[in-house]
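Everything on this sheet refers to the single structure shown next.
In the numbering used here, the protein residues as written are 10 to 140.
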């Protein structure tokens, strides 16, 4: 196998993994928007592991909703973990969710920080869309 073939194969593998994550993220979003929360966890989790920020937010949300709605056990540590991963990529919903969690726990400095990030991200997006 030649060097060009190896490079082409590597590019194809990398590209297809990004497409797979994107497709998994779309499936995740479709199921959540359709109210099929119990079916959403598996595709959301797969896309979240691949780095999809929206899927990471959704996994956090599913952990927060708990077993009666999602079929998975409520787990605050996992909820926060996935929100933090999504927020680190600029997901404004995850930033706001973290702010609410910290506020509920009485950690007002972290809550304020999370809310400020959320407001900054929202204002930045609004400004960008107007330009």
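Note that beta-carbon positions come from the ideal geometry of N, C-alpha and C, so glycine has one too.
C-alpha gap between residue 51 and residue 115, whole angstroms | 32 Å
Grab the span of the alpha helix (DSSP H) containing residue 104 for me, first residue to last.
-> 101-113
Mind checking residue 85: buried by the 16 CB within 10 Å criterion, or exposed?
-> exposed
Rounded to a whole number of angstroms, what is the C-alpha to C-alpha distance between residue 68 and residue 77?
-> 15 Å
Alpha carbon to alpha carbon, how far is residue 70 from residue 63? Give it in angstroms, no decimals.
-> 11 Å
Buried or exposed: which applies to residue 82, given that a residue is buried once 16 or more other Cβ atoms fall within 10 Å of its Cβ?
-> exposed
Classify residue 38 as helix, strand or coil using the three-state DSSP reduction.
-> helix
Closest residue to residue 93 among 80, 46 and 57 (Cα-Cα distance) = 57
Are there 16 or more other CB atoms within 10 angstroms of the CB of residue 34, so buried, or fewer, so exposed?
-> buried
Please classify residue 42: is it buried, with 16 or more other beta-carbons within 10 angstroms of its beta-carbon, or exposed?
-> exposed
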